[in-house]
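Peer 1: Below is the structure I would like to discuss, written out as structure tokens.
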Ligand code: 2RA
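In the working numbering, the protein residues as written are 145 to 536.
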């Protein structure tokens, strides 16, 4: 096939990579697309963990986009697992996953087997979590990636850098939605410095938020359009075709005409940051045709007067945050540079023209599958190992 321009070449490269993944028997090697050269800030778990007793770990849903990343983060951070077990449905049971912890045969999930683990990560649907997590949590620690328990006041919703203490003694912990997790990494240091009064967020969310199927729909649709195989891309996952489009619709519309994705940002920000139930947070969530890092424009009104330099210093010092803010040299956060990174990128920090001395505006990009899901979940487990909540 003749390549007519670099964009076409890029998408063909993406597609050939994806197809190669699909033909692999060993589905651990089918990790979602990460440009290798960008994967440069993967850090191991703190040495304090290596002295802790080894833990038996389970993953349910290790063949999905988030589950694969959980396995990869455990490996990259040398999570002290004495044994790793992978549970799946009838479709994946019996397959072999190759990992740093050895070759692992996928076991058909049942609660009793799951309860044998010290900690189990759920990277499956909310319905599955609702049905199984409470029972699993009677005997082991459960870290759930779905939204099933996020708004239950008795269940911690945790970003370890913000409210890691909330995990102490807990058996079931909810991992936040990716959009909230990425945004709060930037908002928390600013809240500590200036006090948040109002938050307005607009998001630019990658296809990965809809899992492997979402990424496939974007890549395949783009290729077919570029090769003129079709005039209109198919859409099964998204409400409309995503290639060459943006869609202001993620998750279901609510009575107040916000979507559930947008309301998650409001509900979860209040809960994680211990803000009042009526604390004003408003979000518009938009799907864009990128692969796997979400970006956000965040505008805040603050209690105290802001100082841009102090904000940049606080962001730069915050764990899990990388300040990328040198606009005159074209340095700012972008999905392309945030992809595959553990730290979220923050930049374009400036005084907001509407709120003047009492407001900031910034741009954030973070890997949706890492900080927005897998990394956060593994950090929760690490926090619980350190505070003695796992293995007791
Ligand atoms: C999305 N935030 O991007 C969702 C995934 N949890 O679709």
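Positions of the beta carbon are idealized from the N, C-alpha and C atoms, including for glycine.
Work out the CA separation of residue 238 and residue 251 for me, nearest whole Å.
Peer 2: Stepping through the chain shown from its first residue, residue 251 is reached at position 107. Stepping through the chain shown from its first residue, residue 238 is reached at position 94. Residue 251 and residue 238: Cα-Cα distance of roughly 6 Å.
Peer 1: Who are the near neighbours of residue 338 in its chain, counting only those whose CB is closer than 7 Å to its CB and skipping five residues on each side?
Peer 2: To locate residue 338, count along the chain shown from 1; it is residue 194. Answer for residue 338: 446, 447, 448 and 450, listed in chain order.
Peer 1: Look at the alpha carbon of residue 293 and the alpha carbon of residue 300, and state the distance between them as a whole number of angstroms.
Peer 2: Translated into the one-based positions of the chain shown, residue 293 becomes position 149. Translated into the one-based positions of the chain shown, residue 300 becomes position 156. Their backbone Cα atoms lie some 9 Å apart in a straight line.
Peer 1: Residue 514 and residue 485: beta carbons closer than 9 Å?
Peer 2: Here residue 514 corresponds to residue number 370 of the chain shown, with the count starting at 1. Here residue 485 corresponds to residue number 341 of the chain shown, with the count starting at 1. A contact, by the Cβ cut-off of 9 Å.
Peer 1: Under 8 Å by Cβ, that's how I've got residue 266 and residue 288 pegged, so tell me the actual separation to the nearest angstrom.
Peer 2: On the chain shown, residue 266 is found 122 positions in, with the first residue counted as 1. On the chain shown, residue 288 is found 144 positions in, with the first residue counted as 1. With a Cβ gap of about 5 Å, residue 266 and residue 288 count as contacting.
Peer 1: How about residue 432: is its Cβ closer than 8 Å to a heavy atom in ligand 1?
Peer 2: By one-based count along the chain shown, residue 432 stands at place 288. Checking every heavy atom of ligand 1 against the Cβ of residue 432, none is found closer than 8 Å.
Peer 1: Take residue 476 and list the residues in its own chain whose beta-carbon comes closer than 7 Å to its own, dropping the five residues that flank it on each side.
Peer 2: Along the chain shown, one-based indexing puts residue 476 at 332. Once the five neighbours on either side are set aside, the close Cβ partners of residue 476 are 468, 469, 491, 492 and 507.
Peer 1: To which residues of the same chain is residue 494 closer than 8 Å at the C-beta, ignoring the five residues directly before and after it?
Peer 2: Taking the chain shown and counting its residues from 1, the one referred to as residue 494 is at position 350. Cβ neighbours of residue 494 beyond the five flanking positions: 452, 504, 505 and 506.
Peer 1: Just checking residue 405 against ligand 1 - is the residue's beta carbon closer than 8 Å to any of the ligand's heavy atoms?
Peer 2: Along the chain shown, one-based indexing puts residue 405 at 261. Yes.
Peer 1: Do three or more CB pairs link the region 302 to 311 to the region 402 to 410 at distances below 8 Å?
Peer 2: No: the two stretches stay apart, fewer than three of their Cβ pairs being nearer than 8 Å.
Peer 1: Within a Cβ cutoff of 7 Å, which residues of the same chain sit near residue 195, ignoring the five residues on either side of it in sequence?
Peer 2: The count along the chain shown starts at 1 and reaches residue 195 at position 51. The predicted position of residue 195 is uncertain, since its pLDDT is 48 and thus under 50; no value can be drawn from it.
Peer 1: Could you pull out every unbroken beta strand (DSSP E) segment of at least 3 residues lying fully inside the region 456 to 515, listed in chain order?
Peer 2: Runs found: 465 to 467, 488 to 495 and 503 to 511.
Peer 1: What does the Cβ neighbour count give for residue 431, buried or exposed, with the cut at 16 atoms within 10 Å?
Peer 2: As a working note, residue 431 is residue 287 in the chain shown. It is buried - the Cβ of residue 431 has at least 16 other Cβ atoms within 10 Å.
Peer 1: For ligand 1, is there a heavy atom less than 8 Å away from the beta-carbon of residue 395?
Peer 2: Numbered from its first residue, the chain shown carries residue 395 at position 251. Under cutoff, so the answer is yes.
Peer 1: At what residues does the alpha helix (DSSP H) containing residue 365 begin and finish?
Peer 2: Residue mapping note: residue 365 aligns to position 221 of the chain shown, counting from 1. Looking at the DSSP string, the run of the alpha helix (DSSP H) that includes residue 365 is 355 to 370.
Peer 1: Figure out for me which residue from 229, 327, 399 and 334 has the closest Cα to the Cα of residue 461.
Peer 2: As a working note, residue 461 is residue 317 in the chain shown. Among 229, 327, 399 and 334, the Cα nearest to that of residue 461 belongs to 334.
Peer 1: Distance check for residue 473 and residue 356, CA to CA, integer angstroms please.
Peer 2: Within the chain shown, numbered from 1, the residue matching residue 356 stands at position 212. Within the chain shown, numbered from 1, the residue matching residue 473 stands at position 329. Distance between the alpha carbons of residue 356 and residue 473 is about 35 Å.
Peer 1: Out of 434, 343, 325 and 326, which one is the CA nearest neighbour of residue 362?
Peer 2: Residue mapping note: residue 362 aligns to position 218 of the chain shown, counting from 1. Answer by Cα proximity: 434.
Peer 1: Is DSSP giving residue 180 helix, strand or coil here?
Peer 2: For the purposes of this step, residue 180 is taken as the residue at position 36 of the chain shown. Confidence at residue 180 is low in this model, with a pLDDT of 40, below 50, so its placement is unreliable and no value can be given for it.
Peer 1: Do the region 340 to 356 and the region 511 to 526 touch if we need at least three Cβ pairs shorter than 8 Å?
Peer 2: In short, these stretches touch, since the Cβ pair count reaches three.
Peer 1: Is the region 260 to 275 touching the region 196 to 216 in the sense that three or more CB pairs, one from each, lie closer than 8 Å?
Peer 2: In short, these stretches touch, since the Cβ pair count reaches three.
Peer 1: Using C-beta distances below 6 Å, list every residue in its chain close to residue 329, excluding the 5 sequence neighbours before and after it, in chain order.
Peer 2: Taking the first residue of the chain shown as position 1, residue 329 is located at position 185. If we look at residue 329 and ignore the five residues flanking it on each side, its Cβ neighbours are 464, 465 and 488.
Peer 1: In terms of residue numbering, what span does the beta strand (DSSP E) encompassing residue 202 cover?
Peer 2: Here the question's residue 202 lines up with position 58 in the chain shown. It spans 199 to 204 - the beta strand (DSSP E) in which residue 202 sits, taken as one unbroken run.
Peer 1: Terminal residues of the continuous beta strand (DSSP E) containing residue 229?
Peer 2: Position 85 of the chain shown holds residue 229. Note, residue 229: beta strand (DSSP E), 225 to 232.
Peer 1: Tell me the DSSP secondary structure of residue 438 in three-state form.
Peer 2: As a first step, residue 438 is located in the chain shown; it is residue number 294 there, counting from the start. The answer is strand: DSSP assigns residue 438 an E or B state.
Peer 1: If you draw a straight line from the C-alpha of residue 565 to the C-alpha of residue 211, how long is it?
Peer 2: Residue numbering for the chain in the displayed model covers 145 to 536; residue 565 lies beyond these limits and cannot be assessed.
Peer 1: Quick one: what's residue 301 bridged to in DSSP?
Peer 2: Numbered from 1 along the chain shown, position 157 holds the residue referred to as residue 301. DSSP output for residue 301 lists 318 as bridge partner(s).
Peer 1: Compare the C-alpha of residue 537 against each of 345, 401, 378 and 437 and name the closest.
Peer 2: No statement about residue 537 is possible, as the shown extent of the chain runs from 145 to 536 and does not include it.
Peer 1: In the structure shown, what three-state DSSP assignment does residue 401 receive?
Peer 2: Counted from its first residue, the chain shown places residue 401 at position 257. Note: residue 401 maps to coil in three-state DSSP.
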